[in-house]
Amino acid sequence: MKSVSDDLWSIIDVFTGLPGRVDGFPLVVLDFQEPEQLSDLLNKHDVGKRNAQAIT
């Protein structure tokens, strides 16, 4: 998560430096609860994806 103003946040992909996306929508200018929950969800999804790739 990256603060873009006092109360707004964006979720930035640490590998690309670009805003994270869900269903094609960039995760930018979100209030605090949204990015925290979305960031947790995206991190869990990424870990699952990486584990699946390591198995195959």
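In our numbering, the protein residues as written are 11 to 66.
Each residue gets a CB set at the ideal place from its N, CA and C atoms; glycine is no exception.
Hey, residue i and residue j: beta-carbon distance below 8 Å or not?
i	j	result
serine 20	valine 32	no
leucine 8	leucine 37	Residue 8 lies beyond the stretch modelled for the chain, which goes from 11 to 66, so this question has no answer here.
glycine 30	aspartate 41	no
How long is the line joining the alpha carbons of residue i and residue j, rounded to whole angstroms?
i	j	result
isoleucine 65	threonine 26	24 Å
serine 15	phenylalanine 35	20 Å
asparagine 61	proline 45	24 Å
aspartate 56	glutamine 63	11 Å
glutamine 43	asparagine 53	16 Å
Starting from residue i, follow its DSSP beta bridges and name the residues at the other end.
i	result
valine 32	Phe35
Does the beta-carbon of residue i have 16 or more other beta-carbons within 10 angstroms, so that it is buried, or is it exposed?
i	result
glycine 58	exposed
Could you tell me the boundaries of the alpha helix (DSSP H) in which residue i lies?
i	result
aspartate 50	43-65
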